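One structure is given below, encoded as structure tokens.
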Amino acid sequence: MRHAIITAGAKGLGRKVTEEFLEAGFSVTITYRKDRQKVEELVEKYPSKKDRIHFVQVDVTNQGDIKKLVNEAVEKYGRVDVLVNNAGPYIFERKKLMDYTDDEWNTMIRGNLDAVFYLLKAVIPIMRKQRYGRIINYGFQDASQSPGWVYRAAFAAAKTGLVSLTKSIAYEEAEYGITSNMVCPGKIEGDLKEASIETGKDTPDPKTPVGRSGTGGDIARSILFLSDENADMITGTIMEVTGGVDVIHKNRQFK
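Encoded structure:
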């Protein structure tokens, strides 16, 4: 049985990823930081699969927590086939870089870039021994082009750094049967983060070129595809799942 570690896999975009992997026959280790109730809701939803659900309280900025996470996953399931780096802090307040505090900057970089480095350090040796692994990171639309993003400079800096790291790992670890890719969600808001593709098709959105809202199901399906055993020719790829919408520049109001 294949095993996946999914950070922040109990709610938001991570929730649908966890559900998609469970339906595909994977066992999963998911992390949560504070919201234990969402984890319990997930387990209650899949009573027949609860032996395949393992959860660990983790702060991804804490190296000790990361080591605990990976050690527990291997102890329980014996392997790590997929690492989905979904967790990552985000500051919703719109403000320019000069208005960020040192703590806010450090949180963005440590949570969205450094955390992936430490997870890779813990997981890749296991994948090397297996001669198999799938790594999927989260980005944002046009991250591969290193765009400027007004009011989101710290987050964008971390994620564009992660683009390079994603590709570097793809090249360095290919000989071990390990792939590394990035999925970039488009506009997915509110309850749609935990909704199915079918729900998205029933939710018209005239501001999106494909005419409907994106959902967590769209992201989950893309990640499952990249995690397939036969997706080994796809590595170092930055996959955009946006429905064609321009997320960054939809509003050019800089004041």
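Take 1 as the starting number for the sequence shown in the UniProt record's numbering and just add one per residue. Every residue, glycine too, gets a C-beta built ideally from N, C-alpha and C. Predicted, not measured: the structure shown is a model, and the values here were computed from it.
If you look at Ser-222, you'll find it in the alpha helix (DSSP H) that goes 216-226. In the structure shown, Met-108 falls within a helical segment according to DSSP collapsed to helix, strand and coil.
Secondary structure at Ile-30: strand, using DSSP grouped into helix, strand and coil. Residue pairing by DSSP puts Glu-240 in a beta bridge opposite Cys-184. Beta-bridge analysis with DSSP links Phe-55 to Ile-30. When secondary structure is reduced to three states using DSSP, Ala-174 falls in the helix class. Beta bridge pairing from DSSP links Ile-135 with Leu-83, Ser-180.
Between Ala-8 and Ala-122, the C-beta spacing is not below 8 Å. Residue state for Arg-212 is assigned as strand, using DSSP reduced to three classes. DSSP places Pro-47 within a helical segment (H, G or I) once states are collapsed to three.
When the beta-carbon positions are compared, Asp-51 and Arg-33 stay at least 8 Å from each other. By the Cβ-count criterion, Lys-76 is exposed, with fewer than 16 other Cβ atoms from all chains shown falling within 10 Å of its own Cβ. Annotation: the continuous beta strand (DSSP E) that includes Ile-5 extends over 3-6. By the C-beta criterion, the stretch 34-42 is judged not to be in contact with the stretch 86-103, since fewer than 3 inter-stretch pairs fall below 8 Å. Rounded to whole angstroms, Glu-44 and Phe-26 show a C-alpha spacing of 17 Å. The three-state secondary structure of Pro-204, taken from DSSP, is strand. About 11 Å separates the beta carbon of Thr-31 from that of Val-70, a gap too long to meet the 8 Å contact definition. When the Cα atoms are used, Ser-227 and Thr-215 turn out to be separated by approximately 19 Å.
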